[in-house]
Amino acid sequence: MAVTDEEYYDRFIKYRDEDDLAALLARHRESLMLFIDSYVHDLCDAEELMMDAFAAVAAGRTIFSGRSSFKTWLFSIGKKLALSHIRGKRQYSPLDENTPGAQTDAPELEFLKKERNRELYAALERINEDYRTILILLYFEGMDHEEAGRVMGKNKRQIYHLAERGRKALREELVKVGFDHYA
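With my numbering as the guide, the letters of the sequence shown map in order to residues 972 to 1154.
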């Protein structure tokens, strides 16, 4: 049976076993960094803030209470760090053009996937920040509405409305750039 995030965290706190913290870092590093990047729009800053989030966990500056999943709690820390960073630095960097995509043997398919992903990420950047955040949490991070609500500090009803409006706004942005099948 696979070890859960919560079990890794509990073992790290009890025994200070760096391997458990490393397992959590390996499991959540990329997704947390991309989530933070959706706020700060700079992958270098996002990577630093992601490491700051794990440093806060490792140093015990914040304690996981178990009222949510570990991932929800970790993403809440990441969001707070990102917002704090934004308040200290009001600068926008354009979206990184090298959006990661699945590898394939056919160069044409790889190009089309990268182009589609680039358009999707660019469209996400053009919608309201709350809409973008909820869509990332639900569809890229696989959180349920309740977990996303905890990360965003909103109730379940607000999350459902944000998700509905976010999908509509994203669909409209995609149609503007020629993705008619989203209409």
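For every residue, glycine included, the Cβ atom is placed at its ideal position computed from N, Cα and C.
Asked: CA nearest to the CA of residue 1021, picked from 1034, 1039, 998; Found: 998
Asked: Between the CA atoms of residue 1037 and residue 1144 - distance to the nearest angstrom; Found: 38 Å
Asked: Beta-carbon proximity of residue 991 to residue 979, cut-off 7 Å; Found: yes
Asked: Exposure label - residue 1053; buried when at least 16 CB within 10 Å; Found: buried
Asked: Contacts around residue 1095, its chain only, beta-carbon distance under 6 Å, and the 5 residues preceding and following it disregarded; Found: 1103
Asked: Coil, strand or helix - residue 1112 by DSSP; Found: coil
Asked: For residue 1140 and residue 1072, the rounded distance between their alpha carbons; Found: Low per-residue confidence applies at residue 1072: pLDDT is 38, beneath 50, and the placement is therefore not dependable, though the value from the model is reported in the following sentence. Computed Cα separation, rounded: 23 Å.
Asked: Beta-carbon spacing of residue 1049, residue 1003 below 7 Å; Found: yes
Asked: N- and C-terminal bounds of the alpha helix (DSSP H) containing residue 994; Found: 989 to 1011
Asked: Per-residue burial, residue 974 [other beta carbons within 10 Å of its own, 16 or more giving buried]; Found: exposed
Asked: Contacts around residue 1106, its chain only, beta-carbon distance under 6 Å, and the 5 residues preceding and following it disregarded; Found: 1137
Asked: Buried versus exposed, by CB contacts within 10 Å (16 or more), residue 1120; Found: buried
Asked: Short Cβ contact (7 Å threshold) for residue 1006 with residue 1046; Found: yes
Asked: Boundaries of the alpha helix (DSSP H) in which residue 1022 is found, first to last residue; Found: 1014 to 1030
Asked: Integer-rounded CB distance, given that residue 1043 should sit under 8 Å from residue 1114; Found: 7 Å
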